[in-house]
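>
Numbering (my numbering), first residue to last: 885 to 1287.
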């Protein structure tokens, strides 16, 4: 008889700060995303704490009164981890741990933990380990109390070296080793990409959890892991796809997210080589998300950083089956119509005006408008293929209805 498997979620609380850079609405939105990250990592959020302060407390980020309130709640409810939406300095993390006497995590550490869970290939695991060591290096002092003691004994007298300096040196050596390992894997992957011939390359890009892997499975008839969690895909997956009589390569890349620290972006830039070398980008957007336009801006910023912003791109607005605009009652003469009240047709008109005919509206899960998607991708890939191989005479127009 099979035993019922139960998942024990860790009790967690979230802490956010309202300041001149982020208002109440923005903090609520960030904490919603942080709660989803916590759930993905294996935690259950019991309560949120938000404090309004113009200048963060250099010792504990939040004020002493709010810290007492958090401490009381953590003690009474036996909370396992306290998660801050903003990045904590090593000193702040150490001070908060002394007060709350539980696990203190910030947004960066949480994302790294999810990455460590999701990494499957040697390449992804190496990238995650590098990012973790870079995050750990300035925080070594807060981990063990014995690190401040001097080594002694025969042969150890003189200026010596404290244990913390020894550990820092070990971590720096490990970082150097991992960087060399990544360079070696990069060369191997570059050779693999070179061996794929002159096939047209198409890359799926977008914010995390917008449905890239689901779309990949539908188009390529493959079984790439897809789940309604953040960073379900961490390893780049490449599949050969044939639409009509036209073969091309389709790659599924790691999703992006807001408020990512620099060292994390740097560690994963090499993963985005598939994006750099792609001939066509399919920018997948979750139109059912209230802040999808901010997600688009975040992705465009990363594309600009990896010098891929000028590539040929099609905007693919996914999850149209889940889009529900807010309604205004007919007798409501006070509420002003804003973007949250736009119908799907109004959004279509808006984006057609912005990007012309380079926008598609689909549902990968329910397979809505996928015929239009396939025809559009076929035509774009065919144009690139004809330009690359002008004398290739097998590319006669093909009927895609059967695919």
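Think of the CB as a built atom: it goes at the ideal place given N, C-alpha and C, for glycine as much as any other residue.
Since residue 1156 and residue 1086 are thought to touch, with beta carbons under 8 Å apart, how far apart are those beta carbons, to the nearest angstrom?
Position 272 of the chain shown, counted from the start, is the residue given in the question as residue 1156. Position 202 of the chain shown, counted from the start, is the residue given in the question as residue 1086. Not a contact, Cβ separation roughly 15 Å.
> Alpha carbon to alpha carbon, what distance is there between residue 929 and residue 1206?
Mapped onto the chain shown, residue 1206 falls at position 322. Mapped onto the chain shown, residue 929 falls at position 45. So the alpha carbons of these two residues sit roughly 25 Å apart.
> Is there contact here, the region 995-1009 with the region 935-946, by at least three beta-carbon pairs under 8 Å?
no
> Can you tell me which of 1199, 1218 and 1226 puts its alpha carbon nearest to the alpha carbon of residue 1211?
Translated into positions along the chain shown, residue 1211 becomes position 327. Of 1199, 1218 and 1226, the residue nearest in Cα terms is 1226.
> Smallest Cα separation from residue 981: which of 932, 954 and 1057?
Numbered from its first residue, the chain shown carries residue 981 at position 97. When each option's Cα is compared against that of residue 981, the closest is 954.
> By the 10 Å Cβ neighbour count, where 16 or more other Cβ atoms means buried, how is residue 1191 classified, buried or exposed?
For this step, residue 1191 is matched to residue 307 along the chain shown. Exposed.
> Can you list the beta strand (DSSP E) stretches of 3 or more residues lying completely in the region 993-1030, in chain order?
none
> Which one or two residues does DSSP pair with residue 1247 in a beta bridge?
By one-based count along the chain shown, residue 1247 stands at place 363. DSSP, once it has assigned bridges, lists 1252 as partnering residue 1247.
> Does the distance from the CB of residue 902 to the CB of residue 911 come in under 7 Å?
Position 18 of the chain shown holds residue 902. Position 27 of the chain shown holds residue 911. A contact, by the Cβ cut-off of 7 Å.
> Can you tell me whether residue 1087 is helix, strand or coil according to DSSP?
For the purposes of this step, residue 1087 is identified with residue 203 of the chain shown, where counting begins at 1. DSSP, read as helix, strand or coil, puts residue 1087 in strand.
> I need the straight-line Cα distance from residue 1009 to residue 962, nearest angstrom please.
Numbered from 1 along the chain shown, position 125 holds the residue referred to as residue 1009. Numbered from 1 along the chain shown, position 78 holds the residue referred to as residue 962. Distance between the alpha carbons of residue 1009 and residue 962: 33 Å.
> Find out if the Cβ-Cβ distance for the pair residue 1264, residue 1144 is shorter than 7 Å.
Here residue 1264 refers to the residue found at position 380 when the chain shown is read from its first residue. Here residue 1144 refers to the residue found at position 260 when the chain shown is read from its first residue. For residue 1264 and residue 1144, no; Cβs fall outside 7 Å.
> With a threshold of 16 other CB atoms inside 10 Å of the CB of residue 1271, please say whether the residue is buried or exposed.
Within the chain shown, numbered from 1, the residue matching residue 1271 stands at position 387. So residue 1271 ends up on the exposed side.
> Contact defined as beta carbons within less than 8 Å: I believe residue 943 pairs with residue 907. What is the distance between those atoms, to the nearest angstrom?
Locating residue 943 in the chain shown gives position 59, counting from the first residue. Locating residue 907 in the chain shown gives position 23, counting from the first residue. That belief does not hold up - the Cβ atoms of residue 943 and residue 907 are roughly 25 Å apart, past 8 Å.
> Between the alpha carbons of residue 1049 and residue 975, how many angstroms are there, rounded?
To locate residue 1049, count along the chain shown from 1; it is residue 165. To locate residue 975, count along the chain shown from 1; it is residue 91. Cα to Cα, the separation comes out at about 17 Å.
> Return the first residue and the last residue of the beta strand (DSSP E) that residue 951 is part of.
Your numbering for residue 951 matches position 67 in the chain shown. Residue 951 -> not in any beta strand (DSSP E); alpha helix (DSSP H) instead, spanning 948-961.
> Cα-Cα, which of 1097, 990 and 914 is closest to residue 971?
Here the question's residue 971 lines up with position 87 in the chain shown. If we check each option's Cα against that of residue 971, 990 comes out closest.
> Using a Cβ-Cβ cut-off of 6 Å (strictly less than) and excluding sequence neighbours within five positions of residue 896, which residues of its own chain qualify?
The residue labelled residue 896 in the question sits at position 12 within the chain shown. For residue 896, where only same-chain residues beyond five positions count, the Cβ hits under 6 Å are 922, 927, 929, 965 and 967.
> Can the beta-carbon of residue 994 be found closer than 7 Å to that of residue 1015?
By one-based count along the chain shown, residue 994 stands at place 110. By one-based count along the chain shown, residue 1015 stands at place 131. No, they are not a contact pair.
> Exposed or buried, what is residue 1053 when buried is set at 16 or more other beta-carbons lying within 10 Å of its beta-carbon?
By one-based count along the chain shown, residue 1053 stands at place 169. Exposed.
> Determine the direct distance from the alpha carbon of residue 1261 to that of residue 1196, and round the result to whole angstroms.
The residue you call residue 1196 lines up with position 312 of the chain shown. The residue you call residue 1261 lines up with position 377 of the chain shown. Answer to the nearest angstrom: the Cα atoms are 12 Å apart.
> Less than 7 Å separating the beta-carbons of residue 1127 and residue 1258?
On the chain shown, position 243 is the one that residue 1127 refers to. On the chain shown, position 374 is the one that residue 1258 refers to. Yes, the pair counts as a contact, with Cβ atoms nearer than the cut-off.
> Is it right to say residue 1093 is buried, meaning 16 or more other beta carbons lie within 10 angstroms of its own, or is it exposed?
Indexing the chain shown from 1 puts residue 1093 at position 209. Answer is buried; the Cβ neighbour count reaches 16.
> I'd like to check one pair, residue 1104 with residue 1123: are the Cβ atoms closer than 7 Å?
Mapped onto the chain shown, residue 1123 falls at position 239. Mapped onto the chain shown, residue 1104 falls at position 220. In this structure, residue 1104 lies closer than 7 Å to residue 1123 by Cβ.
> Do you know whose CA, among 1173, 1181, 1247 and 1183, lies nearest residue 916's CA?
In the chain shown, residue 916 corresponds to position 32, counting from 1. The residue with the shortest Cα to Cα distance from residue 916 is 1173.
> Just to confirm my understanding: we take residue 887, look at its own chain, exclude 5 residues before and 5 after, and list those with CB closer than 8 Å. What are they?
As a position in the chain shown, residue 887 is number 3, starting the count at 1. Here the model assigns residue 887 a pLDDT of 45, short of 50, so the residue's position is not dependable, and the following value carries that caveat. No residues qualify anywhere along the chain.
> Using only the alpha-carbon positions, how far apart do residue 1017 and residue 951 sit?
One-based indexing of the chain shown puts residue 1017 at position 133. One-based indexing of the chain shown puts residue 951 at position 67. Taking the straight line joining both Cα atoms gives about 29 Å.
> Can you name the start and end residues of the beta strand (DSSP E) that residue 1201 belongs to?
Translated into the one-based positions of the chain shown, residue 1201 becomes position 317. Start and end: 1197-1202.
> Around the Cβ of residue 969, are there at least 16 other Cβ atoms within 10 angstroms (buried) or fewer (exposed)?
Here residue 969 corresponds to residue number 85 of the chain shown, with the count starting at 1. Counting Cβ neighbours within 10 Å, residue 969 comes out buried, since at least 16 surround it.
> Please report whether the beta-carbon of residue 997 lies at a distance below 7 Å from any beta-carbon of chain E.
Among the chains of the structure shown, chain E does not appear; only one protein chain is present.
> Return the residue from the list 913, 893 and 1266 that minimises the CA-CA distance to residue 1129.
Position 245 of the chain shown, counted from the first residue, corresponds to residue 1129. Comparing Cα positions, the closest option is 1266.
> Just mark residue 1247 as buried or exposed, buried being the case when its beta carbon has 16 or more other beta carbons within 10 Å.
Stepping through the chain shown from its first residue, residue 1247 is reached at position 363. With 16 or more other Cβ atoms within 10 Å, it is buried.
> Count the other C-beta atoms from every protein chain shown that fall within 10 angstroms of the C-beta of residue 1121, then say buried if there are 16 or more, exposed otherwise.
The sequence position of residue 1121 within the chain shown is 237, counting from 1. Answer is buried; the Cβ neighbour count reaches 16.
> May I have the straight-line CA-CA distance separating residue 947 from residue 983, to the nearest angstrom?
As a first step, residue 947 must be located in the chain shown, where it is residue number 63. As a first step, residue 983 must be located in the chain shown, where it is residue number 99. Using only the alpha carbons, I get a separation of about 13 Å.
> Would you say residue 1243 and residue 1235 are within 7 Å of each other, going by their C-beta atoms?
Here residue 1243 refers to the residue found at position 359 when the chain shown is read from its first residue. Here residue 1235 refers to the residue found at position 351 when the chain shown is read from its first residue. Result yes, Cβ atoms of residue 1243 and residue 1235 sit closer than 7 Å.
> So what's residue 892 in DSSP terms, helix, strand or just coil?
For the purposes of this step, residue 892 is identified with residue 8 of the chain shown, where counting begins at 1. Coil.
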